[in-house]
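In this note's numbering, the protein residues as written are 143 to 289.
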Ligand SMILES: [Zn+2]
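The following block contains the structure:
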C-alpha cells in the first residue's frame with residue numbers, strides 16, 4: 143500500500159498513508175478531510191461509517207502495486223495525467239518551482255549542467271528535477287493510461 147500511495151502522489155493526488163494500527167485515526171482523518179479511504183482490511187469496509195455511506199472506501203484486492211493501481215484508477219475514475227509530479231513523494235506537499243540559480247548548490251554538478259526545471263518540497267526541501275528516474279516514472283504512468 144505504501145507503493146500505491148507513492149504512485150497516487152506521482153499522479154498528483156493528495157494521498158495520506160497510515161499504518162494498519164491507526165484504523166480509528168485513519169477513519170477520523172478521512173471523514174474530517176473528505177478523503178476516500180483505500181484499505182486492504184475487509185473489516186473496515188464492514189464498519190457502519192462505511193456501509194452507511196458516510197465514508198467512501200475502496201477495498202484493495204491485489205498485492206501487486208500495479209494491480210492495485212489499476213483497481214484504484216478504474217474504481218475512482220482517476221486521471222493519470224491529473225497533475226503528474228506536483229507533490230513531494232515523501233511528504234505529500236505541493237512542490238514549488240525553483241530556478242536553476244536557486245538550486246545551484248543543492249543538486250549534483252552533472253544535474254545542474256543538464257537540467258533546467260527544478261521543484262522543491264517546502265517541507266523536506268528535497269529537490270526534484272526531470273532526470274532519468276522521472277522519465278522512467280512517466281513511461282510507467284503512460285503504461286497505466288493505456289492499460
Ligand atoms: Zn517532502
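All C-beta atoms in this analysis are idealised placements derived from N, C-alpha and C, irrespective of residue type, glycine included.
Residue interval of the beta strand (DSSP E) (run including residue 262): Walking along the chain shown from the start, residue 262 turns up at place 120. It spans 260 to 262 - the beta strand (DSSP E) in which residue 262 sits, taken as one unbroken run.
Starting from residue 187, trace the alpha helix (DSSP H) in both directions and tell me its first and last residue. Sequence index remark: in the chain shown, residue 187 carries index 45 (1-based). Looking at the DSSP string, the run of the alpha helix (DSSP H) that includes residue 187 is 184 to 187.
To the nearest angstrom, how far is the alpha carbon of residue 191 from that of residue 197? Here residue 191 refers to the residue found at position 49 when the chain shown is read from its first residue. Here residue 197 refers to the residue found at position 55 when the chain shown is read from its first residue. The straight-line gap from Cα to Cα measures roughly 6 Å.
Using the Cα positions of residue 170 and residue 179, report the straight-line distance between them to the nearest angstrom. Position 28 of the chain shown, counted from the start, is the residue given in the question as residue 170. Position 37 of the chain shown, counted from the start, is the residue given in the question as residue 179. Roughly 11 Å between the two C-alpha positions.
Go through the residues and name those whose CB comes closer than 6 Å to any heavy atom of ligand 1, in chain order. 230, 232, 233, 235, 263, 265, 266 and 268
Start and end residues, alpha helix (DSSP H) containing residue 208: If you number the chain shown from 1, residue 208 lands on position 66. Residue 208 -> alpha helix (DSSP H) spans 207 to 218.
Whose CA, out of 242, 188, 220 and 246, lies closest to the CA of residue 259? In the chain shown, residue 259 corresponds to position 117, counting from 1. It is 242 whose Cα lies nearest to the Cα of residue 259.
Please confirm if the region 153 to 160 is in contact with the region 219 to 238, defined as three or more CB-CB distances below 8 Å between the two stretches. Because the criterion of three Cβ pairs below 8 Å is met, the region 153 to 160 and the region 219 to 238 touch.
Sequence-distant residues of its chain with Cβ nearer than 7 Å to residue 272 (five each side left out): If you number the chain shown from 1, residue 272 lands on position 130. Same-chain partners within the cutoff: 257 and 259.
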